[in-house]
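Scroll down for the structure; my scribbles are underneath it.
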Amino acid sequence: MRHVQSVALGLFLERGFEAVTVEEVAERSEVSASTVYRYFGTKEGLVLHDEFDDQVLTGLTHFLHQGLTPWQAFEGALELVGEAHFVVEEEATLARIRLCLQNPSVRAAAHLMLEEMVDGLAEITAKAGHLTFPQARVLLGGIGGALFAALKNWHDAGGEGGWRRHVSEAVETVKSSVPG
Numbered sequence: 219m220r221h222v223q224s225v226a227l228g229l230f231l232e233r234g235f236e237a238v239t240v241e242e243v244a245e246r247s248e249v250s251a252s253t254v255y256r257y258f259g260t261k262e263g264l265v266l267h268d269e270f271d272d273q274v275l276t277g278l279t280h281f282l283h284q285g286l287t288p289w290q291a292f293e294g295a296l297e298l299v300g301e302a303h304f305v306v307e308e309e310a311t312l313a314r315i316r317l318c319l320q321n322p323s324v325r326a327a328a329h330l331m332l333e334e335m336v337d338g339l340a341e342i343t344a345k346a347g348h349l350t351f352p353q354a355r356v357l358l359g360g361i362g363g364a365l366f367a368a369l370k371n372w373h374d375a376g377g378e379g380g381w382r383r384h385v386s387e388a389v390e391t392v393k394s395s396v397p398g
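FYI, in the working numbering the residues of the sequence shown are 219 to 398.
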């Protein structure tokens, strides 16, 4: 499905997100439109979904069960995908962020996806016994918001300074503003 997403991103960048249909993406990718919908759910999903999401969830679960704090688990999980997602795939990642920021429907879908991810991660964190579900939701919502802001900053800087610096600064800002 990486090929389908690559074709879609190329079309979106070439002609604009709104001007491209899922059917065109499917045709150019030599798959059916139903296959695109099955893997990505929506047209916006072609921009937002990637293989790194599952790796972050798996990593977070692993680190929480190893006894790391939620902050440490988040940082460890992000480190698992960082090189591949933000260095090797830097150009594609920046293009996806640009499409997200420039298209209201993609941006809205990103926020819904973040909300769902926060709830899933909060459930994992609560089951690991670190926090209650409501506490974990608040903490992870803050982390998710900080990560989204960091990626916007990285994008606005044209990728300069490296994603790690932007994410580290965002996480430190949130961590330092929380007492105790």
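Heads up, the beta-carbon is just placed ideally off N, CA and C, and yes, glycines get one too.
- Taking C-beta separations shorter than 6 Å and ignoring five residues to either side along the sequence, the partners of Leu-369 in its chain run Ile-315, following chain order.
- Thr-343 is a Cβ neighbour of Leu-282, given a cutoff of 8 Å.
- Following the DSSP letters along the chain, one finds Gly-228 inside the alpha helix (DSSP H) bounded by residues 220–233.
- Two segments are said to touch when three or more pairs of C-beta atoms, one from each, lie closer than 8 Å; by this definition the segment 230–247 does not touch the segment 282–297.
- A distance below 8 Å between beta-carbons, with the five flanking residues on each side excluded, links Leu-229 to the following residues of its chain, in chain order: Val-238, Glu-242, Val-243, Arg-246.
- The continuous alpha helix (DSSP H) containing Gly-360 extends over residues 351–374.
- Sequence-distant Cβ neighbours of His-221 in its own chain, meaning closer than 7 Å and more than five residues away, are Ser-247.
- Sixteen is the threshold: since fewer than 16 other Cβ atoms of the shown chains lie within 10 Å of the Cβ of Leu-330, the residue is exposed.
- In the DSSP annotation of this structure, the continuous segment of the alpha helix (DSSP H) that includes Ala-310 starts and ends at 308–320.
- Ala-340 counts as buried, since no fewer than 16 other beta carbons sit within 10 angstroms of its beta carbon.
- In this chain, the alpha helix (DSSP H) harbouring Gln-273 covers 270–283.
- In the structure shown, the three-state DSSP call for Ala-344 is helix.
- Taking Gly-377 as reference, the option from Glu-308, Leu-286, Leu-266 with the minimal CA-CA separation is Glu-308.
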